[in-house]
Every structure is written in structure tokens, then in C-alpha cells.
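Engineer: Per my numbering, the sequence shown runs over residues 154 to 424.
All C-beta atoms, glycine included, are put in the ideal place defined by N, C-alpha and C.
Every value quoted in this text rests on a predicted model; they were computed, and no experiment measured them.
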Amino acid sequence: MKIVLVVVLILVLAAVVAQLVMARGFLAEVARQEDKVRNAPVPQMRDPDSIPEPMRRFALRGFAGQGGLPRAVHFTQAAELLRGDAWSTLPARQHIAIAEPGFAWVGEQPGWPVPFVRVIDRFTDGEGELEVRLFGSIRLARVRGPDADVGEAMRYLAELPWAPDAILANGAITWRQIDPQTVEAELPLSPRPAAVRFRFDDAGDVVEIAAADRPDTSSGETVLRPWRGLFSDYVEMGGRRIPRTAEVGYADDGVYAPYFRGRITSYRVLR
């Protein structure tokens, strides 16, 4: 009996060690992706005439470029994700690159001794990925590939109101004015570009983003669905003027259903 107990304890200990090793590996990968965004190239101002006037005014209204262009911005967020019929909270942090398309969003559901759930949603080196881990070691979900690339590139574009410096400095973005209150941004990708439209209110603030065909992989299969997001509560924070609250969701048959809500709790530029 003692030998059996010893064997069981050894197996349990080995399993725990293996899980800890995998958790540390995932944590290191998260840090590596965040470092990529933090250490993005030093930005330079692009030709202002290549940016539609409403978007250029919006960036300057957000104090873009004041104090010099940063490599990235970093903010913390009180996030909520829709799980079934209920919303769950998830403290999060995010880095957004300025000179090139890139971001890393990390959400962690508190737990002890490690976060109960850790999520990384990112677009770096032209590739998108979403990965969810239980205790940082057990993979619950992972989405990557061409559809993820397009979807995450769309997210980068949609969140430009949180990185106004990128509007003036990211030369990879192609801008097009649709009408006096609508501007479209596009990133070249394969097999198709990522495009997002921004709608301005009468004061010149971005209040809505939309894309006609963002890839949705939540069901395990890719479905192109209309995508919509809302920004509000513009405030000065960390030297920039940004929307403090936002939400995003899909709009099927004209019915908008948000799946994410977030409120910025701290913000700073990284040089």
C-alpha cells in the first residue's frame, strides 16, 4: 500500500511540475509578444495629405504627436466578456504599436497561486492569434491562420481611437473618405485586406466602427459577419484624449449584439 501511495504521489507531483512548466512557457510567450509591440520601430510622421481631414483632425484632437511620437501605448482595462447569457469580468492590459500594425491584449481572471484563466489576443508580425489557457497551462482555445490574421488586423484598425498617434504615423494604413462623416482604413493582407469604417459625430469624435465581413470563429467554423463597435466618454488620460468606454459585437440581420465591453482605467505612452 505504501508503495502504491508513493507512486501516486510521484505521478501527481510530476503532473503538477509539468503544468507549471507549461504555464511558465505560456507566460514567457505572452511577455515575448508584449515586448514585440513595446519595442516597435520608432515612428515617423506620414504625409498628412494621405489622411482624410476628419481623421486627421480627430488625431490632433486626441493630442497625437504632442511630446513626440511614442513607440506604443499601454493601458489597463476593466473588461467584460459575454459568456452565454451572462457577462464575466476580466481585468486586462493592452499594448498598441504606433509605427506598424500590432497589438497584444492580455486578460487574466484572478486566481491563486496563478490566474484562473489567462487570455492573449494579438496581432504581431502580420499574424493574428487568440489563445485561452486554464491556469496558464491547459489550453482551452486557440485560433490562428489567415482568418485570424484578418480578424485581428481589423481589431487593430478599430482600436485606433485608443492610439491616435498611429493615425498620423502608421504608413501601412490606406485611408479613404467615404462621406463627410465616414472614413475607411485598410491594411493589405492575404487572402484579402482588412478594412474598417469609422463614423464621426458632429463634434468630430469617432463614435462607431463597422466592418461588413469580419471572420467569426467562435463556433469552430469561420463565418463572415457584420461587425460593429461603439466608443464614448472621451477624456484626457496619460497625455492623450481617448474614449474611456467601448463595446463591440456582431450585427446579424440588423440586430446588434455586443460580446465585449471595456473601460480604460489607466493609460500611458511608451517612448
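A184 by DSSP, collapsed to three states: which one?
Structural biologist: Of the three classes helix, strand and coil, the one that applies to A184 here is helix, per DSSP.
Engineer: Can you tell which of R350, V190, R214 has the C-alpha that lies nearest to the C-alpha of E389?
Structural biologist: Of the candidates R350, V190, R214, the one whose C-alpha sits nearest the C-alpha of E389 is R214.
Engineer: Could you pull the start and end residues of the beta strand (DSSP E) that P201 belongs to?
Structural biologist: First-last for P201: undefined, no H or E at that position.
Engineer: How about V272 and A225: are their beta carbons less than 9 angstroms apart?
Structural biologist: Contact flag unset, no.
Engineer: Can you grab the Cα-Cα spacing for the pair D386 / R414, in whole Å?
Structural biologist: Going from the Cα of D386 to the Cα of R414 covers about 13 angstroms.
Engineer: By the three-class DSSP mapping on this structure, what secondary structure does V318 have?
Structural biologist: Contrary to the premise, residue 318 reads as Asp rather than Val in this sequence. Helix at D318.
Engineer: Rounded to whole angstroms, what's the CA-CA distance from L283 to T375? Just pull it up for me.
Structural biologist: Going from the Cα of L283 to the Cα of T375 covers about 14 angstroms.
Engineer: CA-CA distance, L313 and A319?
Structural biologist: Taking the straight line joining both Cα atoms gives about 7 angstroms.
Engineer: Give every residue of the same chain whose Cβ lies closer than 6 angstroms to the Cβ of A257, excluding the five residues on either side of it in the sequence, and list them in chain order.
Structural biologist: Q186, E187, V190, H248, R275.
Engineer: Taking a contact to mean a Cβ-Cβ separation below 9 angstroms, would you say L293 touches E339 in this structure?
Structural biologist: Not closer than 9 angstroms, so no.
Engineer: Going along the chain, which residues of its own chain have a beta-carbon closer than 7 angstroms to the beta-carbon of A365, five neighbours each way excluded?
Structural biologist: Correct list, in chain order: P379.
Engineer: Give every residue of the same chain whose Cβ lies closer than 7 angstroms to the Cβ of V303, excluding the five residues on either side of it in the sequence, and list them in chain order.
Structural biologist: Result list for V303: L342, R345, A347, P368, in chain order.
Engineer: Hey, which unbroken runs of the alpha helix (DSSP H) at 4 residues or more fall wholly within the stretch 274-320?
Structural biologist: Within the stretch 274-320, the complete alpha helix (DSSP H) runs of at least 4 residues are 299-311.
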